[in-house]
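Enquirer: Keeping their order, the protein sequence lines are chains E and W.
First residue of the first sequence? That's 276 in my numbering, and the numbers climb one at a time after it.
First residue of the second sequence? That's 1313 in my numbering, and the numbers climb one at a time after it.
We put the beta carbon where it would ideally sit given N, CA and C, even for glycine.
Supplied in structure tokens, the structure appears directly below.
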Amino acid sequence: MQVIIIGGGEIGYALAKALAPNHELFVVDNDPAVADRFGLLDVEFLTGSGTSSTVLERAPIGECDLLIACTGLDEVNIVACALGSQLGSRRTICFVSKEDFVQTSDGRDSLSEHFGIDQVIWPEAQLADAIERIIMAPGAVDAGAFAGGEIRLLEFRLGEDSPLVGRPISELDLPYGVVMAAVHHGETTSIPRGRTVLHPGDKVVLMGNRKAMNALQGQLSPESTHRRTRLVTIIGGGDVGLRLAQHLEAAPGIRLFVVEHDHARGQMLAATLANALILEGDGTDLGLLESEEIGRSDVLVSVIDNDERNLLSCLIGRQLGVGSVITRVSTPGNLRLFELVGIDVALSARGAAVASVVHQIDGGRSSLLQVLEEGQAKVIELTVPPGFRPTPLRDIEIPDEAIIGSIVRGAEVIVPRGEDRIEPGDRLLVCATGVSAEEIRSLFTTSV
Amino acid sequence: MRLSIIVKVMGGLLRVFGLMFVWPMAMGVYYREWTDLGGFLLAGLLASAIGQAMWLGYRERELDLRRIEALAVVAGTWLVVAILGAVPYVWVGLSPVDALFESMSGFTTTGATIFTDFGRFGRALLFWRSLTQWIGGMGVITLFVAILPRLAMGVGQLFFAEAPGPTDEKLTPQIRKTAAVLWRLYAGLTLAEFLALSMAGMPYYDALCHAMTTLAAGGFSPDPLSIAGYDNAAVEWIICVFMFLAGANFALQYRALLGRPGLLFRNEEFKIYTAIVAGAALLVTGFLWSGGGELAVALRQGLFQTLSILTTTGYASVDFALWGDQTRIILLVLMLIGGCAGSAAGGPKVARHVLIGRYTLTELRRTLHPRGVLPVKIGGKVVPDDVMRTVLVFFLFYVLTFTLCAVAVILLGADLVTGVTATMATLGNVGPGLGLVGPMASYGHLHPLSKLVLTGAMWVGRLEILTVLALLRLEVWQSAHWRVKAGR
């Protein structure tokens, strides 16, 4: 596939890195300085503006299968995509960061209608939504819900005294209807086996039907079952902070504080948000955080566009006694570092967005449901083709690095065991790492 | 402040005002009240002549009113209009002070009267009295803005200086069209009430007068016993409906009529206004019922009197001055609330009370969160600081003006209840008070100076105080000059 990437920033680089091995890539950026970075990848770098047709023709745009615009400027991305689809690109994906461009009038998507853009990706919104999911699942470091909420996914970080630690998984008495889908140990994510032993500090991804998962959540984080108003503090009322605050305001039982240092932005937040208390000040201002008793918060989320300040706010919050701290990370390299120094959850806006684009290009007909651990693992959904011969699960050779978490058959949700059969028309929720997603997909398409 | 422009604009408005006297003259011809015609003719000619002279006296090309000049035009116009409107009363033998009081009471839609013996006055004059309220209800300036094409610049200043309540609502981008739309709605509602009252059995003449004074939230009635004189339950219910509408924001009603009735109950002020009407009416009904009345009658009188006082109309379906203290204090509180912003009602307005309440709560909260960003909101929208400040200042001056006027009236010989309620009723443009100025009594017995003080209270109250007070600053008059300097 021939792909043009416009914008050589963090997103462009991450995309190029993921796509370069299998595709013919052109990267366009008007800053020659970033060319060096791309020199190590097998891509063609073009210096110039992505909104110039002469530059795009050099790619050449007429034979391009996909144009991805991911510069830091929404307007540039939109113009580049519009121009690209005019000049013959088969498909266009546009990254935006402001709500203005995503909002639809009369429920119509104005970007696709007026500019011929096939897909709009809004990383900040994805980040805000991910943080919201995590906040709504107390105790967990990641969360998801599939099949209309019948299947839940939770990721937990294991403490010293966790009941899951120290014994092989086969000896643990996990509730019926729960599958351990992935384990993150050290720097790697893998699919666990029966003999895998978990250690304190590991993160485990569990998937299962709603009832069993709720019971499990009560076991693993007893505080989550308390029914009381939860205090959430958001440091930074930018695009991510505002969207998160708007969503949390709509949820019951949450009281919100938003700390914003810019006066005008603070006024705007206070005008937009109906119930949140906006505090004007810096998220690292100890006096402010103490006088407002931010330490009583159950969750502190720091989503400023500056890693160092985010880290500092979170550490202060932790010192003041906040239950759990979540932060946004801009530089991918900081992710692990942040979690090492005690941040409960560190997320980057780009990780999930990049993984979803890569999955679209390489993932074929399966659909991506959730990205785990910044793309190290993912949950995908496969539909078993009509010609598939019903087979018990134990007779199917599932790749090592994948696991079938649940089977959705009509309205029924099955958390499979060896004797459960896979039938045509079933939808399979698969957790897989790396390339195994591709393998398991071919497993169910070639057997037609 | 350029006096030449003020005079020119006022002249333009007065020329048109002269034409208003045609209507009572037509009425006089119809009822063959030939002797009264002279007063209207004189007033009409005076208005047109003075207006024409003021208009032609200055050759300003650009009528670009500045804010203070707009205030002066509005305040001045209302005063001059009231003076000219008093001429017909003087013609039939009223003293100039009484005539001015009655005229000002009409234009400001107060409805306080010095009339005692209604038999002395012809139908043309009583029609004129109702017409003054009808004109004043939507606003003298609004009327002129709607029909005068010449005023291009500064129209907005004029319009909002007169508009009741903290509002800056425009229905169309052009003020002139907004004014015209509002007048059409107002006239349409008046016509609807006229038809409804006629069908309920009220004579055409009375139905017309009452329709005009209900929609204006005015309260003048050609019957000395007000609505009680008709003893007709259907009439009272109909008037209740239209008083409620007169006290609600007209722009909002227009939008609701355009096919979005849901807007009414998404408007915070309208919701609170409705709640106040319902709550107060139930309380009054309860007290009247427990006092031995029949439930149906108590309910009708309770609702009618609640609406009449809250919307500052001032009709009486019963002599509420004779009610117990529990019900009377409720009516006094309603006088201090008033109707909605952008309505025909007077008083401080529901919106201002809501803002003051929110502001107080916000300030309490600020003591807990000194660094919190805590804006005052109404209907989900932030109220700008300058609006909030104006509202606070309005209340301060409302209380101050009230105190000064009440003290003056009482020192001039009125008893305490009469003095206090007369001031409340005139400053809030309600009309009848309690005691000796109750709904079945009149202001006629007050000291002439008291009448002048209360005339001033009506004027200041209708223009919502700040419009007038700004003009009392010495520097405004120090900077006043007649000619625009050469070379500009």
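Considering only the alpha carbon of each residue, which of E:Leu531, E:Leu300, E:Arg470, E:Val479 lies closest to Leu316 (chain E)?
Expert: For the purposes of this step, residue 316 (chain E) is identified with residue 41 of the first sequence, where counting begins at 1. The option with the nearest alpha carbon to Leu316 (chain E) is E:Leu300.
Enquirer: Closer than 8 Å, CB to CB, is Leu552 (chain E) near chain W or not?
Expert: To locate residue 552 (chain E), count along the first sequence from 1; it is residue 277. Answer yes: the Cβ-Cβ gap between Leu552 (chain E) and chain W drops below 8 Å somewhere.
Enquirer: Exposed or buried, what is Ser717 (chain E) when buried is set at 16 or more other beta-carbons lying within 10 Å of its beta-carbon?
Expert: Along the first sequence, read from residue 1 onward, the residue named residue 717 (chain E) stands at position 442. Per the 10 Å Cβ criterion, exposed.
Enquirer: Going along the chain, which residues of its own chain have a beta-carbon closer than 7 Å to the beta-carbon of Val1385 (chain W), five neighbours each way excluded?
Expert: Residue 1385 (chain W) sits at position 73 when you count from the first residue of the second sequence. Only Ile1318, Val1321, Met1322, Leu1377, Leu1470 meet the Cβ criterion.
Enquirer: Should Met1511 (chain W) be labelled buried (16 or more other beta-carbon atoms within 10 Å of its own) or exposed?
Expert: Within the second sequence, numbered from 1, the residue matching residue 1511 (chain W) stands at position 199. It counts as exposed.
Enquirer: Hey, is the stretch 475–487 of chain E in contact with the stretch 429–443 of chain E, meaning 3+ C-beta pairs nearer than 8 Å?
Expert: yes
Enquirer: Can Met1647 (chain W) and Met1555 (chain W) be called in contact, C-beta distance under 8 Å?
Expert: As a working note, residue 1647 (chain W) is residue 335 in the second sequence. As a working note, residue 1555 (chain W) is residue 243 in the second sequence. Against a cut-off of 8 Å, the Cβ pair of Met1555 (chain W) and Met1647 (chain W) comes out as no contact.
Enquirer: Residues in its own chain within less than 7 Å of Gly570 (chain E) by CB, not counting five upstream and five downstream?
Expert: Here residue 570 (chain E) is taken as the residue at index 295 of the first sequence, counted from 1. So the list reads Leu595, Gly596, Val597, once near-sequence residues are dropped.
Enquirer: In the structure shown, what three-state DSSP assignment does Gly617 (chain E) receive?
Expert: Locating residue 617 (chain E) in the first sequence gives position 342, counting from the first residue. Of the three classes helix, strand and coil, the one that applies to Gly617 (chain E) here is coil, per DSSP.
Enquirer: Should the stretch 1616–1625 of chain W be regarded as contacting the stretch 1692–1708 of chain W, the criterion being three or more beta carbon pairs within less than 8 Å?
Expert: Proximity of the stretch 1616–1625 of chain W to the stretch 1692–1708 of chain W falls short of the contact definition, fewer than three beta-carbon pairs being nearer than 8 Å.
Enquirer: For the pair the stretch 1326–1338 of chain W and the stretch 1428–1439 of chain W, tell me if three or more CB-CB distances fall below 8 Å.
Expert: With a cut-off of 8 Å, the stretch 1428–1439 of chain W and the stretch 1326–1338 of chain W count as touching, because enough Cβ pairs lie within range.
Enquirer: List, in order along the chain, the chain W residues whose C-beta lies closer than 9 Å to that of Gln542 (chain E)?
Expert: Taking the first sequence and counting its residues from 1, one reaches residue 542 (chain E) at position 267. By Cβ distance, chain W contributes Val1685, Pro1687, Val1694.
Enquirer: Are the beta-carbon atoms of Trp1771 (chain W) and Leu1391 (chain W) separated by less than 8 Å?
Expert: What you label residue 1771 (chain W) is simply residue 459 of the second sequence in a count that begins at 1. What you label residue 1391 (chain W) is simply residue 79 of the second sequence in a count that begins at 1. Taking 8 Å as the cut-off, the Cβ atoms of Trp1771 (chain W) and Leu1391 (chain W) count as close.
Enquirer: Use the C-beta contact count for Glu1381 (chain W): other C-beta atoms within 10 angstroms, 16 or more gives buried, fewer gives exposed.
Expert: Position 69 of the second sequence, counted from the first residue, corresponds to residue 1381 (chain W). Buried: at least 16 other Cβ atoms inside 10 Å.
Enquirer: Which residues, in chain order, does the stretch 289–314 of chain E contribute to contact with chain W at a C-beta distance below 8 Å?
Expert: none
Enquirer: Spatial neighbours of Gly1418 (chain W) within its chain, please: CB distance less than 6 Å, with the 5 preceding and 5 following residues excluded, ordered by chain position.
Expert: As a working mapping, residue 1418 (chain W) is identified with position 106 in the second sequence. Excluding positions up to five away in sequence, the list reads Arg1441, Thr1444, Gln1445.
Enquirer: Run through DSSP, which three-state label would Ser1533 (chain W) get?
Expert: On the second sequence, position 221 is the one that residue 1533 (chain W) refers to. If DSSP states are grouped into helix, strand and coil, Ser1533 (chain W) belongs with coil.
Enquirer: For His1681 (chain W), return the contacting residues in chain E, with the cut-off set at a CB-CB distance below 8 Å.
Expert: Looking up residue 1681 (chain W) in the second sequence gives position 369. The contacting residues are Leu552, Leu554, Glu567.
Enquirer: For Ala624 (chain E), which option in E:Ala420, E:Asn581, E:Leu506, E:Ser360 has the closest C-alpha, if you only look at C-alpha atoms?
Expert: Reading the first sequence from its first residue, position 349 is the one you call residue 624 (chain E). Ranking the options by Cα distance to Ala624 (chain E), first place goes to E:Asn581.
Enquirer: Terminal residues of the continuous beta strand (DSSP E) containing His460 (chain E)?
Expert: Counting from 1 along the first sequence, the entry for residue 460 (chain E) is found at position 185. 453–460 is the span of the beta strand (DSSP E), which, as asked, contains His460 (chain E).
Enquirer: Which one of E:Leu428, E:Ile636, E:Val472 has the shortest CA to CA distance from Pro438 (chain E)?
Expert: For the purposes of this step, residue 438 (chain E) is taken as residue 163 along the first sequence, with counting starting at 1. It is E:Val472.
Enquirer: For Phe719 (chain E) versus Leu657 (chain E), is the C-beta spacing smaller than 8 Å?
Expert: Position 444 of the first sequence, counting from 1, holds the residue named residue 719 (chain E). Position 382 of the first sequence, counting from 1, holds the residue named residue 657 (chain E). Result yes, Cβ atoms of Phe719 (chain E) and Leu657 (chain E) sit closer than 8 Å.
Enquirer: Can you list, in chain order, the residues of its chain with a C-beta nearer than 6 Å to that of Ala1798 (chain W)? Leave out the 5 residues immediately preceding and following it.
Expert: Here residue 1798 (chain W) is taken as the residue at index 486 of the second sequence, counted from 1. Confidence at Ala1798 (chain W) is low in this model, with a pLDDT of 44, below 50, so its placement is unreliable and the value that follows should be read with caution. Within the same chain, Ala1798 (chain W) has no close Cβ partners at all.
Enquirer: How would you list, in chain order, the residues of chain W whose beta-carbon sits under 8 Å from the beta-carbon of Leu563 (chain E)?
Expert: Here residue 563 (chain E) refers to the residue found at position 288 of the first sequence. Correct list: Arg1683.
Enquirer: If the criterion is Cβ atoms closer than 8 Å, does the pair Leu1534 (chain W) and Glu1776 (chain W) meet it?
Expert: The count along the second sequence starts at 1 and reaches residue 1534 (chain W) at position 222. The count along the second sequence starts at 1 and reaches residue 1776 (chain W) at position 464. At residue 1534 (chain W) the sequence reads Pro, which differs from the Leu that was named. With contacts defined as CB atoms closer than 8 Å, Pro1534 (chain W) and Glu1776 (chain W) fail to qualify as a contacting pair.
Enquirer: Find the nearest neighbour of Asn352 (chain E) within the set E:Gly282, E:Ala334, E:Ala712, judged by alpha-carbon distance.
Expert: For the purposes of this step, residue 352 (chain E) is identified with residue 77 of the first sequence, where counting begins at 1. Among E:Gly282, E:Ala334, E:Ala712, the Cα nearest to that of Asn352 (chain E) is on E:Gly282.
Enquirer: Since Met1700 (chain W) is in the alpha helix (DSSP H), which residue starts that stretch and which ends it?
Expert: In the second sequence, counting from the first residue as 1, residue 1700 (chain W) sits at position 388. Met1700 (chain W) -> alpha helix (DSSP H) spans 1697–1723.
Enquirer: Cα separation between Thr463 (chain E) and Leu612 (chain E)?
Expert: The residue given as residue 463 (chain E) occupies position 188 in the first sequence. The residue given as residue 612 (chain E) occupies position 337 in the first sequence. Roughly 15 Å separates the two Cα atoms.
Enquirer: Suppose you measure from the CA of Ile1668 (chain W) to the CA of Pro1696 (chain W); what does that come to, to the nearest Å?
Expert: The count along the second sequence starts at 1 and reaches residue 1668 (chain W) at position 356. The count along the second sequence starts at 1 and reaches residue 1696 (chain W) at position 384. Each residue's alpha carbon lies about 13 Å from the other.
Enquirer: What is the residue span of the beta strand (DSSP E) that Phe320 (chain E) lies within?
Expert: As a working note, residue 320 (chain E) is residue 45 in the first sequence. Segment 319–322, the beta strand (DSSP E) holding Phe320 (chain E).
Enquirer: For the ligand SAH, is there any heavy atom lying closer than 7 Å to the beta carbon of Ile636 (chain E)?
Expert: The ligand SAH is absent from the structure shown, which contains no ligand whatsoever.
Enquirer: With DSSP as the reference, label Leu348 (chain E) as helix, strand or coil.
Expert: Here residue 348 (chain E) is taken as the residue at index 73 of the first sequence, counted from 1. Looking at Leu348 (chain E) - three-state DSSP - the assignment turns out to be coil, as it is neither helix nor strand.
Enquirer: Could you tell me whether the Cβ atoms of Gly1654 (chain W) and Phe1562 (chain W) are closer together than 8 Å?
Expert: For the purposes of this step, residue 1654 (chain W) is taken as the residue at position 342 of the second sequence. For the purposes of this step, residue 1562 (chain W) is taken as the residue at position 250 of the second sequence. Their beta carbons are under 8 Å apart, which means Gly1654 (chain W) touches Phe1562 (chain W) by this criterion.
Enquirer: Taking Ala1359 (chain W) as the reference, give the member of W:Leu1326, W:Pro1573, W:Cys1717 with the closest Cα.
Expert: As a first step, residue 1359 (chain W) is located in the second sequence; it is residue number 47 there, counting from the start. Of the candidates W:Leu1326, W:Pro1573, W:Cys1717, the one whose C-alpha sits nearest the C-alpha of Ala1359 (chain W) is W:Leu1326.
Enquirer: Look up Val1319 (chain W) in the DSSP assignment and say whether it is helix, strand or coil.
Expert: In the second sequence, counting from the first residue as 1, residue 1319 (chain W) sits at position 7. If DSSP states are grouped into helix, strand and coil, Val1319 (chain W) belongs with the helices.
Enquirer: Buried or exposed: Asp304 (chain E), going by 16 or more other Cβ atoms within 10 Å of its Cβ?
Expert: Residue mapping note: residue 304 (chain E) aligns to position 29 of the first sequence, counting from 1. Asp304 (chain E) comes out buried.
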